[in-house]
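Under the working numbering, think of the first position of the sequence shown as 10, with each following residue one higher. Inspection log for the structure reproduced underneath, given as structure tokens.
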Amino acid sequence: HEGQPLESEPNEPLRVNVLFKHVQKMLTGDSAVIAETGDSWFNCQKLKLPEGCGYEFQMQYGSIGWSVGALLGYAQGANNKRVIACIGDGSFQVTAQDVSTMLRCEQNSIIFLINNGGYTIEVEIHDGPYNVIKNWNYTGLVDAIHNGEGKCWTSKVKCEEELTAAIETALGEKKDCLCFIEVIAHKDDTSKELLEWGSRVSAANSRPPNPQ
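Here it is, written out as structure tokens:
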């Protein structure tokens, strides 16, 4: 199909566009999408939303980490919807503690944590060693926050077969749980829209100041 990612080979490392192909299939009028600042901006904007499906993103301030608290608030206010959040690893490190309140409030959102080892959006604007982040055991962190209190399920996926199985579990057996799915992606796996946007922002940032 036009615009669809190529079929994955067995055990092929997971590509981000394959992830969003599966996110698209998950959407119904009873769901909502929270898109984190960064490449999720551009990937989520390609989703076709069914009637009634919510969608929130924040671009005006470019505030990374925004989506974790936004997910908490949206899910609390719209408890008739299953909220799906797409969050980068760098952003999650800023506001991860809000997962604790999600569990205390017995929310059943689905978090896709896209782990590509850095601040991808910042790399495309101005690369440097400061954009490499310390990798966390993200599923282990969420399990520690869970601490046996509340309903929580975590999974780490590296290929499409594992992703398919994790989504099936999140929508079925664990539909009443907060589901945290860590998606391992290559650090250079970015959308063409981010590459173009990053180069434009970089050029704008490099302009000399206006004379006073």
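Where a beta carbon is used, it is the ideal one built from N, C-alpha and C, also for glycine. Quick caveat: nothing in here was measured; it's all calculated off a predicted structure.
The alpha carbon of N117 has as its nearest neighbour, out of I190, V141, F51, I123, the alpha carbon of I190. Taking 3 residues as the minimum length, the beta strand (DSSP E) runs contained wholly in the stretch 156–183 are 161–166, in order along the chain. For the stretch 32–79, the full-length beta strand (DSSP E) segments reaching 3 residues or more read 40–44, 63–66 along the chain. When the five nearest sequence neighbours on each side are left out, the beta carbons in the same chain lying within less than 8 Å of the beta carbon of E115 are those of G159, K160, in order along the chain. When only Cα atoms are considered, E177 and T46 end up about 27 Å apart. Residue pairing by DSSP places E191 opposite L122, K165 in a beta bridge.
Remark: C-beta atoms of I96 and F121 approach each other more closely than 8 Å. Take A87, set aside five residues on each side of it, and the residues of its chain with a beta-carbon closer than 8 Å to its own are A41, G63, in chain order. At the C-beta level, V77 and A44 stay beyond 8 Å of one another. Each of Q85, G74, A94 was checked against the Cα of T110, and the nearest Cα belongs to Q85. Separation of C186 and F51 (C-alpha to C-alpha, rounded to the nearest whole angstrom) is 28 Å. For A94, the secondary structure class from DSSP, reduced to helix, strand or coil, is strand.
Taking the Cα of V151 as reference, the smallest distance to any Cα among K90, E171, K165 is reached at K165. When the alpha-carbon of D48 is set against those of L36, G61, L28, the nearest one is in L28. If you ignore the 5 residues before and after Q33, its C-beta comes within less than 7 Å of the C-beta of L56, K57, all in its own chain and listed in chain order.
Counting the other Cβ atoms within 10 Å of the Cβ of G82 gives fewer than 16, which makes it exposed. Per DSSP, the beta bridge partners of P22 are C168. Under the 10 Å beta carbon count, A174 is surrounded by fewer than 16 other beta carbons and is classified as exposed.
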